[in-house]
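Undergrad: Residue numbers (this note's numbering): 53 to 311. Backbone N, C-alpha and C fix where the C-beta goes; we use that ideal spot for every residue, glycine too. One structure coming up, written as structure tokens, with questions to follow.
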């Protein structure tokens, strides 16, 4: 783990921010490359990503405050705005980015689902690379393995503060690996199947959410609620339901249009 890349005087460059920035750029590069045959959409990608990042930051913080740590932030409302002193929930970031994407495509009279299909591979690749940032920072950690193996985090990391030198499940690493599998699958799917518009994006949501739901059983950094599920598991289940309903509507619309 390496929380700080280097320090010069009073300035320190954190690995988390650098890796996240690189993940966004690489994800954008992938989406831009894959949109080579869609010039009208390709020319909007950079502007859309800039606005989507702002939406993602707001959404990630709101999600963290309301659904992950409301018990604390309800008593410290001012700290809700201090993103440098607290966590950011990736699922909220996705919701924030999607809302901004929908507004952007409406404004410029673009097809939201077509843009979503173009962006999906880049988004999930960026998510997978972003988990490297979590590993370097020592957050999004797993629960104790209670075995003789696992990740042991160094002092100064959130994982060490929670569990000390206990070996933990590599939850964030496995999630990053799952994201890479999803990335490969949604690149391959259009070659195997002729998918209705929007289904590629919906497939990404379902596959990512299924993986996140399962891996949350190994996480050690979140409160648990009904059915012993974490906030992320409830969020994942909600995203799966919405995605499946969207898939049904999109498929029905495509068949109706053909008839």
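Among the residues of its own chain, which have a CB less than 7 Å from the CB of residue 132, if the five just before and after it don't count?
TA: If you number the chain shown from 1, residue 132 lands on position 80. Answer for residue 132: 117 and 125, listed in chain order.
Undergrad: Cβ of residue 172 within 9 Å of Cβ of residue 108?
TA: As a working mapping, residue 172 is identified with position 120 in the chain shown. As a working mapping, residue 108 is identified with position 56 in the chain shown. Cβ atoms of residue 172 and residue 108: not closer than 9 Å.
Undergrad: State yes or no: is the C-beta of residue 22 within less than 9 Å of the C-beta of residue 287?
TA: The chain is shown only over 53 to 311; residue 22 falls outside these bounds and no answer can be derived.
Undergrad: Can you round the beta-carbon distance between residue 168 and residue 250 to whole angstroms, since I take them to be within the 8 Å contact cut?
TA: On the chain shown, residue 168 is found 116 positions in, with the first residue counted as 1. On the chain shown, residue 250 is found 198 positions in, with the first residue counted as 1. Confirmed, about 6 Å.
Undergrad: On the DSSP letters alone, give me the boundaries of the alpha helix (DSSP H) that residue 59 sits inside.
TA: The sequence position of residue 59 within the chain shown is 7, counting from 1. Unbroken run through residue 59 is the beta strand (DSSP E), 56-60; no alpha helix (DSSP H).
Undergrad: Opposite residue 271 in the DSSP bridges: which residues?
TA: As a working mapping, residue 271 is identified with position 219 in the chain shown. DSSP output for residue 271 lists 194 as bridge partner(s).
Undergrad: Beta-carbon separation of residue 295 and residue 258 under 9 Å?
TA: Residue 295 sits at position 243 when you count from the first residue of the chain shown. Residue 258 sits at position 206 when you count from the first residue of the chain shown. The answer is yes: Cβ separation under 9 Å.
Undergrad: With distances taken from CA atoms, which of 189, 154, 216 and 247 is nearest residue 57?
TA: As a working note, residue 57 is residue 5 in the chain shown. Selected option, being the one with the closest Cα: 189.
Undergrad: If you count every other CB in all the chains shown that lies within 10 Å of the CB of residue 140, and 16 or more means buried, which is it?
TA: Within the chain shown, residue 140 is the residue found at index 88, counting from 1. It is buried - the Cβ of residue 140 has at least 16 other Cβ atoms within 10 Å.
Undergrad: Which same chain residues, not among the five before or five after residue 227, have their C-beta less than 6 Å away from its C-beta?
TA: Stepping through the chain shown from its first residue, residue 227 is reached at position 175. 183 and 267.
Undergrad: If I measure Cβ to Cβ from residue 238 and keep anything under 8 Å in the same chain, skipping five residues before and after, which residues do I get?
TA: Taking the first residue of the chain shown as position 1, residue 238 is located at position 186. The residues are 172, 173, 176, 252, 255, 256 and 259.
Undergrad: What did DSSP end up calling residue 201 once you bin it into helix, strand or coil?
TA: Position 149 of the chain shown holds residue 201. In this structure, residue 201 counts as coil in the three-state DSSP scheme.
Undergrad: With a 10 Å radius around its C-beta and 16 neighbouring C-beta atoms as the bar for buried, classify residue 54 as buried or exposed.
TA: By one-based count along the chain shown, residue 54 stands at place 2. Classification for residue 54: exposed.
Undergrad: In its own chain, which residues sit with a C-beta less than 8 Å from the C-beta of residue 165, not counting the 5 before and 5 after it?
TA: Here residue 165 corresponds to residue number 113 of the chain shown, with the count starting at 1. The answer, listed in chain order, is 249, 250, 253 and 302.
Undergrad: Since residue 282 sits in a beta bridge, which residues does DSSP pair it with?
TA: Against the chain shown, residue 282 aligns to sequence position 230. DSSP lists 276 as partners of residue 282.
Undergrad: Is it true that the CB of residue 180 sits closer than 9 Å to the CB of residue 229?
TA: Walking along the chain shown from the start, residue 229 turns up at place 177. Walking along the chain shown from the start, residue 180 turns up at place 128. Contact: yes.
Undergrad: Would the beta-carbon of residue 270 fall within 9 Å of that of residue 223?
TA: Position 218 of the chain shown, counting from 1, holds the residue named residue 270. Position 171 of the chain shown, counting from 1, holds the residue named residue 223. Result yes, Cβ atoms of residue 270 and residue 223 sit closer than 9 Å.
Undergrad: Looking at the strands, I want to know which residues DSSP matches up with residue 66.
TA: The residue you call residue 66 lines up with position 14 of the chain shown. BP columns for residue 66 point to 56.
Undergrad: Can you find the residues in the same chain that come closer than 7 Å, C-beta to C-beta, to residue 178, ignoring five residues on each side of it along the sequence?
TA: Residue numbering aside, residue 178 sits at position 126 when the chain shown is read from its first letter. The answer, listed in chain order, is 75, 76, 78 and 79.
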